[in-house]
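One line per chain: the protein sequences are A and B, in this order. Residues 1 to 100 in our numbering are what the first sequence spells out, letter by letter. Residues 101 to 200 in our numbering are what the second sequence spells out, letter by letter. Backbone N, C-alpha and C define an ideal beta-carbon position, used for all residues, glycine too. Quantities reported herein were computed from a predicted structural model and do not represent experimental measurements.
2 protein chains.
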Amino acid sequence: MKKYRHPEIKNVTLADVMQALADPCRIKIVRHLLNEPERPFACNEIPLRIAKATRSHHFDVLRTSGLIQTRVEGTKSLTSLRQAEIEKRFPGLWKLISRS
Amino acid sequence: MKKYRHPEIKNVTLADVMQALADPCRIKIVRHLLNEPERPFACNEIPLRIAKATRSHHFDVLRTSGLIQTRVEGTKSLTSLRQAEIEKRFPGLWKLISRS
DNA sequence: TTACTAGTTCGTTATTGATCGAACTTAATA
DNA sequence: TATTAAGTTCGATCAATAACGAACTAGTAA
């Protein structure tokens, strides 16, 4: 079973999250999660026209930047936003993404 | 005399500005400008330990993304934020950058 | 005219990053 | 015990990017 690593948010810089969001695919992922913030999604529930290796890569980038968290449930990896933590560290970021 | 090109803000995407801000140097530049938003700065007034070709490159990236505007005055190029336009298109972006 | 200053452009190098197919792992299920 | 499903990892390719020195341009000043 995969053990995901999640950074402490205090170690995440603004440049880190900007970098993580500097890709249209990853913005799509985050926006999809923002539509139902309470519900965790499996990777391939989010519609993207990319190979699954690429998909895995993008989730990894988002995870490493602290924006999302992933837990394993059976054969799936369920991903959700680290909403409250990120909102505290980067106030207004979620709103910016969902509205712009 | 150099003729700078500035994009229309409506053609700028969130991914574009995230990309432009995905670099510590460029974040420093923008934060410097945010400290005195009314005052335009010449490129080398902003302290950065990089070669001038690199400096020119970073200003170009910020300009192309629509975040800054540049006008020529004598031998200098004066740069300022496109503050109101960007605030309208990406509400909360400036606050996010200055506070996080 | 000459020299200086500010900044751009060019050519190059090195690094990062997006993308994919193929092979792999782990858990659930037939 | 296969088989399937979800996702990761590996290795490769290709594009984009950061960085620099050197040469260049345009304006200002000596």
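Practice problem: List the residues of chain A whose Cβ lies closer than 8 angstroms to the Cβ of B/R189, in chain order. | Solution: S100
Exercise. Measuring only between beta-carbons, confirm whether B/D160 sits less than 8 angstroms from chain A.
Key: Answer no: the Cβ-Cβ gap between B/D160 and chain A never drops below 8 angstroms.
Exercise. May I ask which residues mark the beginning and end of the beta strand (DSSP E) holding B/E173?
Key: I168 to E173
Quiz item: First and last residue of the alpha helix (DSSP H) that includes B/T164?
Solution: K152 to T164
Exercise. For A/Q101, decide whether its Cβ has a neighbour in chain B, counting only Cβ atoms nearer than 8 angstroms.
Key: Absent from the structure is residue 101 of chain A, since the part of chain A shown begins at 1 and ends at 100.
Quiz prompt | Helix, strand or coil at B/K176 [DSSP, three-state] | solution = strand
Self-check item: For A/L48, three-class secondary structure by DSSP
Solution: coil
Quiz item: Near B/L133, what residues of its chain come up, given a Cβ to Cβ distance below 6 angstroms and the 5 sequence neighbours on each side ignored?
Solution: L181
Self-check item: CB-CB length for A/L96 against A/V17, believed under 8 angstroms
Solution: Wrong, their Cβ atoms sit about 11 angstroms apart, outside the cutoff.
Quiz item: With a cut-off of 8 angstroms, do at least 3 Cβ pairs link the region 15 to 30 of chain A to the region 112 to 129 of chain B?
Solution: yes
Self-check item: Near-chain B residues of the region 34 to 57 of chain A - C-beta to any C-beta below 9 angstroms
Solution: Under the 9 angstroms Cβ criterion, the region 34 to 57 of chain A contributes no residue.
Quiz item: If you pair each beta-carbon of the region 172 to 189 of chain B with each one of the region 132 to 149 of chain B, do three or more pairs fall below 8 angstroms?
Solution: yes
Self-check item: Under 9 angstroms from the C-beta of B/I127: neighbouring residues of chain A
Solution: T13, L14, A15 and M18
Practice problem: Would you kindly check if the distance between the Cβ of A/A53 and the Cβ of A/K76 is under 8 angstroms? | Solution: Contact annotation: A/K76 and A/A53 have beta-carbon atoms that are not nearer than 8 angstroms.
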